[in-house]
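To keep things clear, I will list the structure first and then write my remarks on it.
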Amino acid sequence: MAEVSLEHISKIYPGNKKEDRTSKAIDDISFTVHDKEFMVIVGPSGCGKSTLLRMIAGLEEISEGTLAIDGKKINDLAPSNRDIAMVFQNYALYPHMTVYDNMAFGLRLKHFSKSQIKESVMQTAQLLEMEEVLDRKPKTLSGGQRQRVAIGRAIIRRPKVFLFDEPLSNLDAKLRSQMRIELQKLHRGINATMIYVTHDQTEAMTLGNRIAVLNKGKLMQLDTPLNLYNKPSNRFVAGFIGSPTMNFLKGHIKNHDGYYFVHESEQCKISLGPTVPPALKNYTGELLQIGIRPEHIILCEDESNDTIADCTLQVTAYENMGNEQLVYFSLANNTLIIRRRPRDSVDVGTEKEIRFVRDKIIYIDEKSGEVINNDL
Amino acid sequence: MKESFSLQKLLLYAVLLIAALTFIYPFIWMIGASLAPESEIGKMNLWPSQPGLGNFRSMIEKIPIGHSLINSLIVATLITALVMLTGSMVGYALAKMRFRGRQIIFYIIVFTMSLPFQITLIPNYITMVNLHLVDTFLALILPFAVSAFAILMFRQAFQGLPQALIDAARLDGCNELQIIFRILWPNIKPTLVTVAILTFIGSWNEVLWPLIVIRDEQLMTMPQLVTLFAVGGRADAQLGVKIAAAVLLALPVMIAFLFFQRHFIQSMASTGLKD
Chain V
1 MAEVSLEHIS KIYPGNKKED RTSKAIDDIS FTVHDKEFMV IVGPSGCGKS
51 TLLRMIAGLE EISEGTLAID GKKINDLAPS NRDIAMVFQN YALYPHMTVY
101 DNMAFGLRLK HFSKSQIKES VMQTAQLLEM EEVLDRKPKT LSGGQRQRVA
151 IGRAIIRRPK VFLFDEPLSN LDAKLRSQMR IELQKLHRGI NATMIYVTHD
201 QTEAMTLGNR IAVLNKGKLM QLDTPLNLYN KPSNRFVAGF IGSPTMNFLK
251 GHIKNHDGYY FVHESEQCKI SLGPTVPPAL KNYTGELLQI GIRPEHIILC
301 EDESNDTIAD CTLQVTAYEN MGNEQLVYFS LANNTLIIRR RPRDSVDVGT
351 EKEIRFVRDK IIYIDEKSGE VINNDL
Chain Y
1 MKESFSLQKL LLYAVLLIAA LTFIYPFIWM IGASLAPESE IGKMNLWPSQ
51 PGLGNFRSMI EKIPIGHSLI NSLIVATLIT ALVMLTGSMV GYALAKMRFR
101 GRQIIFYIIV FTMSLPFQIT LIPNYITMVN LHLVDTFLAL ILPFAVSAFA
151 ILMFRQAFQG LPQALIDAAR LDGCNELQII FRILWPNIKP TLVTVAILTF
201 IGSWNEVLWP LIVIRDEQLM TMPQLVTLFA VGGRADAQLG VKIAAAVLLA
251 LPVMIAFLFF QRHFIQSMAS TGLKD
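Protein chains in written order, with our numbering: chain V, 1 to 376; chain Y, 1 to 275.
Structure below.
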C-alpha cells in the first residue's frame, strides 16, 4: 500500500502576509504516516486538522512544503489522481443517486466495465452488510447506514490511502462506539494506510496506532496513544489528552532539607524525593507548573498504611459514576480533580488529606510550556 | 365560533371567486371572440352563437403563422438552453470557486439586472449590425444567451449545497463541468425548472428586440409577426383575425402552464419576481 510523508507543509491563505506566522492555517508540519498505519490527527476545533487532511486529499492547495506518497511528490496532482479516498463528516453522498450508484459512480468515471462495477459494488456491500439497501436513496437511510455507504464509496476504489474527516461526529454516542469498533475491524480487514481527523480524544486514543496532536496549525506531539497520555511533551498535549483533564498547579521548587514543589498559595508542599534530577534542580526558585492526572492524586484515607499527606484540602464537589468517583477540591483559585475507585461516598465541605504520586508528576516550564522531565 | 369561521371562509371564497373571474373573463372572451364571426365580436357575448374557425383560417392565409411558431420555438428553446448552461457555469464559479474579484463581478452582474433592456437596445443593435448578424436567428439568440437573473438563481442554489458534495465528486474523478451537470444539477431541480420556465416565457413574449433586428418574414417570431399583423394594417381592420392570432400566441404558454402548473406557481413564489 502506501506511505504518506509530509515535509514542512504550510498553508497560507491568500491575503495574509507571508511573514506573519500567526496567519498560517498550517505551520511547518512534518511527519510520515507509515504503510498500513492508522494515524489520527486530533486537536481542538480550528486547529487546522481538517485543512491538513484536505491538503493531503488535494482539495486544498499546499502553500509550502512537499507532500509525497511512496516517495513520489504529489503536491500538484489532481485529487482523483492521488489514489486517495475520503470519508466526510456529513457523508457527502450524492442525494440523487441510489446507494448502488453512489458507490459505482467513481468506477464509472474511470470507465470500468459494467460487470466489473457490479462485482465490486456487491463485494463492498457484502463487506459492510448493506446488500439490502443498494436500491435506496441516501435520504431514506439512517445516519449509521449513510456512514457505511460513505465508507463503501471510499473502499470500493481500493485506494492507497484513506482519509476520514470526523466521520463519526454526526452519529449518536452508542452508534459512535459501535462504528469505532467497525472501523478498527475494517482497518485490519483491508490493511490500508488511514489518516483520521477528529476532535474527540476517545476516538483518537482508541483508533490510532499513532496520534498527531495539532494546535493553532502546529504539530504539538506525535506519538502512540499511551505515550501521549503518560509522557506528554508539553502543557497543551498534557491538558488536551485525558478526561477529566490533567490537574495543573503553579508554584516554585524550593530547597529546604531536600527539594520540594511549593504551590503559589503555599497550601501544598510536595516532596520531590531523595533523588532529584539535575534538570529540575536548575529550576530551583523559578516559577513552574506541575501536571498530574486525577488518578495519580490519592486520598490518604483510601490507603491502608500511614502515608504522609502533601496537603489538606476542602471537598467542593463529588460525582459518583458507579465505576469510579470524582472528587473535586479547591486549591486557591484552582480546582483539583481526583479520580478514585468506587468506595464510600465523600461529603462535600469536609477536609481531606491528599497525596500526589511523585513519579507521575510532570514538570512544565512556565515560559515555553514544554515538559522538563520527559526523558528523565 | 365555528359559525363565524365558516362565514369568514365563505366571504373569502366569494372574494377569490370575483378576483378569479375578473382575470379569467377577458381570457374566455378572447377565445370566444376568436371563434366568433366578425359581426358578433362587438356584442361582448362570452361565447358566440355560431362558433367557427373562420378567423383562424383567414389568419393562416394572410400570414405565415405556422412558420413563425416554429421560429419562436427554436429561438426560445435555444435561449433557454444557453441561459441554463451559462447561468449555471457562472453561478457555480461565483458560488463555489475562490478567485480575486469574485464579489465585484457578482455585484456588477446584479447591477445589470437593474438596467432596463431598452437602455442596451441601441448598443446591442449596433453590435449586431457590426457582426453582420441582423436578420439571422443569432441576432435573436445571442443578446439573451447570458442572463443575470439565471446567474443569480444558480449562484444561490449552488451556495445552498454542501462543499463536501463537490469535494467528493472531485475525489471520484469529476471535472468541473461534470460536477455542475452530473452532481449539482440533479440536486437543484426546482431552480432548474424556475429558470427554464421564466426564461422560456420571457423570450417567447419578446417583441421589441425581434422588431428591431428581423425584417425577413421567414425569420420572424410569432409575437413579432402577430404584432405586425395586428397593428400593421394587414388584418384589414378585422378584429376577429387579430384575436385569433393573439389566441395562437398565448397557446404554447397556456399548454406549458397546464403541464408545469405546480412549478409555475413555485417559480413565481420563489423568485418574488413577475416577468
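Even glycine gets a Cβ: it sits at the ideal position worked out from N, Cα and C.
Whether serine 72 of chain Y touches valine 241 of chain Y by CB criterion (8 Å): no
Measure from the C-beta of leucine 171 of chain Y to each C-beta in chain V and report whether the shortest distance is under 8 Å. yes
Could you give the residue range of the beta strand (DSSP E) that holds alanine 150 of chain Y? Premise fails: alanine 150 of chain Y lies in the alpha helix (DSSP H), 148-159, not in any beta strand (DSSP E).
Could you check where the beta strand (DSSP E) with serine 10 of chain V kicks off and where it finishes? 4-12
Compare the C-alpha of asparagine 215 of chain V against each of V:Ile26, V:Val4, V:Glu129 and name the closest. V:Ile26
Could you check whether the Cβ of leucine 77 of chain V sits closer than 8 Å to any Cβ belonging to chain Y? no
Check the Cβ of phenylalanine 88 of chain V against every Cβ in chain Y and list those closer than 8 Å, keeping chain order. Ala164, Asp167, Ala168
Within 8 Å of any Cβ in chain Y, is that where the Cβ of arginine 21 of chain V sits? Note that arginine 21 of chain V scores a pLDDT of 49, beneath 50, so its modelled location is shaky; the value from the coordinates is reported in the next line. Closer than 8 Å: no.
For phenylalanine 105 of chain V, return the contacting residues in chain Y, with the cut-off set at a CB-CB distance below 7 Å. Asp172
For serine 120 of chain V, the nearest candidate out of V:Asp135, V:Gly208, V:Ile155 (CA to CA): V:Ile155
I'd like the list of long-range same chain contacts for arginine 54 of chain V, defined as Cβ closer than 7 Å, with 5 residues on each side in sequence excluded. Glu60
Just the Cα atoms here: how many angstroms apart are asparagine 334 of chain V and threonine 312 of chain V? 14 Å
Could you check how far apart the C-beta atoms of asparagine 282 of chain V and valine 371 of chain V are, in whole angstroms? I think they sit under 8 Å. Not confirmed; about 15 Å, so no contact.
With phenylalanine 229 of chain Y and alanine 244 of chain Y assumed to form a contact (beta carbons below 8 Å), what rounded beta-carbon distance in angstroms separates them? Not quite, the Cβ-Cβ distance comes to about 10 Å (not below 8 Å), so this is no contact.
Using a Cβ-Cβ cut-off of 8 Å, state whether proline 190 of chain Y counts as contacting chain V. no
At the level of alpha carbons, what is the spacing between lysine 413 of chain V and lysine 185 of chain V? Lying outside 1 to 376, the shown extent of chain V, residue 413 of chain V is not represented and no answer is given.
Taking C-alpha atoms, which residue in Y:Thr191, Y:Ile104, Y:Arg170, Y:Glu61 lies nearest to glutamine 159 of chain Y? Y:Thr191
Would you mind sorting tryptophan 209 of chain Y into buried or exposed? The rule is 16 or more other CB atoms within 10 Å of its CB. buried
Inter-residue spacing [alpha-carbon to alpha-carbon] between isoleucine 117 of chain V and leucine 107 of chain V: 7 Å
Measuring alpha carbon to alpha carbon, tell me which residue in V:Asn230, V:Glu132, V:Phe38, V:Ile338 is nearest glutamate 298 of chain V. The residue you asked about is not glutamate; residue 298 of chain V is isoleucine in the sequence shown. Of V:Asn230, V:Glu132, V:Phe38, V:Ile338, the residue nearest in Cα terms is V:Ile338.
Which two residues bound the contiguous alpha helix (DSSP H) that contains methionine 315 of chain Y? Because chain Y is modelled from 1 through 275, residue 315 of chain Y falls outside the range shown and cannot be assessed.
Along the stretch 104-124 of chain V, what residues have a CB closer than 7 Å to any CB found in chain Y? Phe105, Gly106, Leu109, Lys110
Excluding sequence positions up to five away, which residues of its chain have a Cβ less than 6 Å from the Cβ of threonine 199 of chain Y? Thr80, Val83
If you check the beta carbons only, do valine 40 of chain V and tyrosine 196 of chain V fall under 8 Å apart? yes
Is the Cβ-Cβ distance between alanine 309 of chain V and isoleucine 354 of chain V less than 8 Å? yes
Would you give the residue range spanned by the alpha helix (DSSP H) that glycine 144 of chain V belongs to? 143-155
Secondary structure at lysine 360 of chain V, three-state DSSP: helix, strand or coil? helix
Leucine 53 of chain Y to lysine 43 of chain Y span [Cα, whole Å]: 19 Å
Distance, phenylalanine 56 of chain Y Cα to alanine 36 of chain Y Cα: 10 Å
Could you give the distance in angstroms between the alpha-carbon of glutamate 38 of chain Y and the alpha-carbon of leucine 239 of chain Y? 7 Å
Does the stretch 113-124 of chain Y come close enough to the stretch 177-184 of chain Y that 3 or more CB-CB pairs lie under 8 Å? no
Closer than 6 Å by C-beta to glycine 217 of chain V: which residues in its own chain qualify, once you throw out the five before and the five after it? Chain order, please. Lys24, Ala25, Ile26, Asp27, Gly48
Could you give the C-beta distance for phenylalanine 106 of chain Y and leucine 94 of chain Y, rounded to a whole number, given that I count them as a contact under 8 Å? 5 Å
Whether leucine 171 of chain Y touches alanine 57 of chain V by CB criterion (8 Å): yes
Express the C-alpha separation of phenylalanine 88 of chain V and methionine 220 of chain V in angstroms, rounding to a whole number. 25 Å
Every unbroken alpha helix (DSSP H) inside the stretch 48-102 of chain Y [4 residues or more]: 54-62, 65-96
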